[in-house]
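Encoded as structure tokens, the structure appears first; notes follow it.
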Amino acid sequence: MGDVAKDLTAGTVGGASQLICGHPFDTIKVKLQSQPALLPGQSPKYSGAMDAVKQTVAAEGPRGLYKGMGAPLATVAALNALLFTVRGQMEALLRSEPGVPLTVNQQVLCGAGAGVAVSFLACPTELIKCRLQAQSALATSGSSAVAVKYGGPMDVARHAIKSEGGARGLFKGLVPTMAREVPGNAAMFGVYEALKQFLAGGPDTSNLGRGSLMAAGGLAGAAFWISVYPTDVVKSVIQVDDYRNPKFNGSVDAFRKILASEGMKRLYKGFGPAMARSVPANAACFLAYEVTRSSLG
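My numbering numbers the first residue of the sequence shown as 9 and each following residue consecutively.
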């Protein structure tokens, strides 16, 4: 198998592992992020992450924590395969000769390049996922502006294409998606390589054990979210915004309005579940990738 095929296969396995481990945390993150701004004296639908879990399970059962998983599961092969394949090809371009380890700075550059490529696939996937996850949080009892109810991933896609400007409706939020993926993946792959080299005591990391790979992968995932979390909040609110009566006119407008109405605290809503998800999910992803890639030779 060529290097591209190996990266495609290993990226697919890694992405599936990440999704299975992390999706319930992601559901809670999006629910907290997408709660409407509160009126004076009004209480939030969810008081925190654990309250969101309890309400979700009570209303929808445990399956509610996996709502919206169909879209990323259907595209997880392409998404993670693309991420790791582009990163692998950039590694090949930057490597002075075959087999020579890259520096941490070179891995940062590889991660940024992979982030650019993956943004175009991540955006429609995220839009579908976020709308399915957030619809119960956006539904307001006693209000005439009831959130659209979607029957599933394909229903979201059909609705976006039919009512929001054709195929471009699926790419709502592309700018903040790219603003998340480029620096986020640069940080993640840079931290991953730095930690591997630290744990290995040098640039040769080929003999690291599974525990070390999981530790490096988990902390690398945490670095992703620490570096870009406010951008992810902006992306989520734009993607679930009502197309008929939008509250936000682009990413900068959303950022300003969020700051003006609720301050910096709003830009970190759902941060706890995101961090709780990132460590085990990315530990599983990188371990699965490395083990699969190694087994393919």
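The beta-carbon is built from N, C-alpha and C at its ideal position, and this holds for glycine as well.
Alpha helix (DSSP H) runs wholly inside the region 141-217, at least 4 long, in chain order
Here the runs fully enclosed are 161-171 and 182-208.
What separation, rounded to the nearest whole angstrom, lies between the Cα atoms of L178 and V248?
Counted from its first residue, the sequence shown places residue 178 at position 170. Counted from its first residue, the sequence shown places residue 248 at position 240. The straight-line gap separating the alpha-carbon atoms of L178 and V248 is approximately 12 angstroms.
Any idea if Q50 is buried or exposed, counting beta-carbon neighbours within 10 angstroms, 16 or more meaning buried?
Working through the sequence shown from its first residue, we reach residue 50 at position 42. Counting other Cβ atoms within 10 Å of its Cβ, Q50 stays below 16 and is therefore classed as exposed.
Using only CA atoms, which one of A125, V236 and L27 lies nearest to M98?
For this step, residue 98 is matched to residue 90 along the sequence shown. Of the candidates A125, V236 and L27, the one whose C-alpha sits nearest the C-alpha of M98 is A125.
Could you work out which residue in P281, A18 and G22 is closest to A292 when comparing CA atoms only?
Here the question's residue 292 lines up with position 284 in the sequence shown. The shortest Cα separation from A292 among P281, A18 and G22 belongs to G22.
Which one of A231, K180, M272 and E189 has the shortest CA to CA distance from N257?
Here residue 257 refers to the residue found at position 249 of the sequence shown. Of A231, K180, M272 and E189, the residue nearest in Cα terms is K180.
Please give me, in chain order, every unbroken run of the alpha helix (DSSP H) with length at least 4 that falls completely inside the region 32-95.
Uninterrupted alpha helix (DSSP H) stretches at least 4 residues long and entirely within the region 32-95 occur at 57-68, given in chain order.
Would you report the Cα separation of P32 and F294, rounded to the nearest angstrom?
What you label residue 32 is simply residue 24 of the sequence shown in a count that begins at 1. What you label residue 294 is simply residue 286 of the sequence shown in a count that begins at 1. Spanning the two alpha carbons is a distance of roughly 19 angstroms.
Between which two residues does the alpha helix (DSSP H) containing V108 stretch?
By one-based count along the sequence shown, residue 108 stands at place 100. Boundaries for V108: no alpha helix (DSSP H) harbours it, and the DSSP string shows neither H nor E there.
Enumerate in chain order the residues of its own chain whose CB-to-CB distance from N239 is below 7 angstroms, with the five nearest sequence positions on each side excluded.
As a first step, residue 239 is located in the sequence shown; it is residue number 231 there, counting from the start. Here the sequence assigns Thr to residue 239, which means Asn is not the residue at that position. Closer than 7 angstroms at the Cβ level, and outside the excluded window around T239, lie P184, A187 and R188.
Alpha helix (DSSP H) containing Y251: first to last residue?
The sequence position of residue 251 within the sequence shown is 243, counting from 1. No alpha helix (DSSP H) contains Y251, which DSSP labels as neither H nor E.
Given a cut-off of 9 angstroms on the beta-carbon distance, is the pair R285 and D15 in contact?
Against the sequence shown, residue 285 aligns to sequence position 277. Against the sequence shown, residue 15 aligns to sequence position 7. The answer is no: Cβ separation not under 9 angstroms.
Please report the straight-line C-alpha distance between G225 and N253, rounded to a whole angstrom.
Position 217 of the sequence shown holds residue 225. Position 245 of the sequence shown holds residue 253. Looking at the two C-alpha atoms, the distance is approximately 41 angstroms.
Spatial neighbours of V245 within its chain, please: CB distance less than 6 angstroms, with the 5 preceding and 5 following residues excluded, ordered by chain position.
If you number the sequence shown from 1, residue 245 lands on position 237. Cβ neighbours of V245 beyond the five flanking positions: A262.
Taking the beta carbon of K170 as the centre, do at least 16 other beta carbons fall within 10 Å, making it buried, or is it exposed?
Counting from 1 along the sequence shown, the entry for residue 170 is found at position 162. Burial is judged here by how many other beta carbons sit within 10 angstroms of a residue's own beta carbon; K170 has fewer than 16 and is exposed.
Beta-carbon spacing of G198, V94 below 9 angstroms:
Reading the sequence shown from its first residue, position 190 is the one you call residue 198. Reading the sequence shown from its first residue, position 86 is the one you call residue 94. Taking a C-beta distance under 9 angstroms as the contact criterion, G198 and V94 do not qualify as a contact pair.
With 16 other Cβ atoms within 10 Å as the buried cut-off, status of R301:
Numbered from its first residue, the sequence shown carries residue 301 at position 293. Residue environment: R301 is assigned as buried (16 or more neighbouring CB atoms within 10 Å of its CB, all protein chains considered).
Identify whether S104 lies in helix, strand or coil by the three-state DSSP scheme.
The sequence position of residue 104 within the sequence shown is 96, counting from 1. DSSP places S104 in coil when its eight states are reduced to three.
Per-residue burial, N215 [other beta carbons within 10 Å of its own, 16 or more giving buried]:
Here residue 215 refers to the residue found at position 207 when the sequence shown is read from its first residue. N215 comes out exposed.
In angstroms with no decimal places, state the Cα-to-Cα distance between V260 and V241.
Translated into positions along the sequence shown, residue 260 becomes position 252. Translated into positions along the sequence shown, residue 241 becomes position 233. In this structure, the CA atom of V260 is about 12 angstroms from the CA atom of V241.
Is it right to say S149 is buried, meaning 16 or more other beta carbons lie within 10 angstroms of its own, or is it exposed?
Within the sequence shown, numbered from 1, the residue matching residue 149 stands at position 141. Since pLDDT at S149 reaches only 37, below the 50 mark, its modelled position is unreliable, and no value is offered.
Exposed or buried, L27, counting other C-beta atoms within 10 Å across all chains shown (16 or more means buried)?
In the sequence shown, counting from the first residue as 1, residue 27 sits at position 19. Classification of L27: buried, given that the 10 Å Cβ count is 16 or more.
P106 to A195, Cα distance in whole Å?
In the sequence shown, the residue the question calls residue 106 occupies position 98. In the sequence shown, the residue the question calls residue 195 occupies position 187. A direct Cα-Cα distance of roughly 25 angstroms separates P106 from A195.
When the distance is taken between beta carbons, is Q41 closer than 9 angstroms to G280?
For the purposes of this step, residue 280 is taken as the residue at position 272 of the sequence shown. For the purposes of this step, residue 41 is taken as the residue at position 33 of the sequence shown. No; because the gap between Cβ atoms is not below 9 angstroms, this pair is not in contact.
Consider the C-beta atom of K170 and the heavy atoms of the ligand ATP; say whether any pair is separated by less than 8 angstroms.
Among the components modelled here there is no ligand, and therefore nothing to report on the ligand ATP.
Label V164 either buried or exposed according to how many other C-beta atoms from any shown protein chain fall within 10 Å of its C-beta, with 16 as the threshold for buried.
Residue numbering aside, residue 164 sits at position 156 when the sequence shown is read from its first letter. Under this definition V164 is a buried residue.
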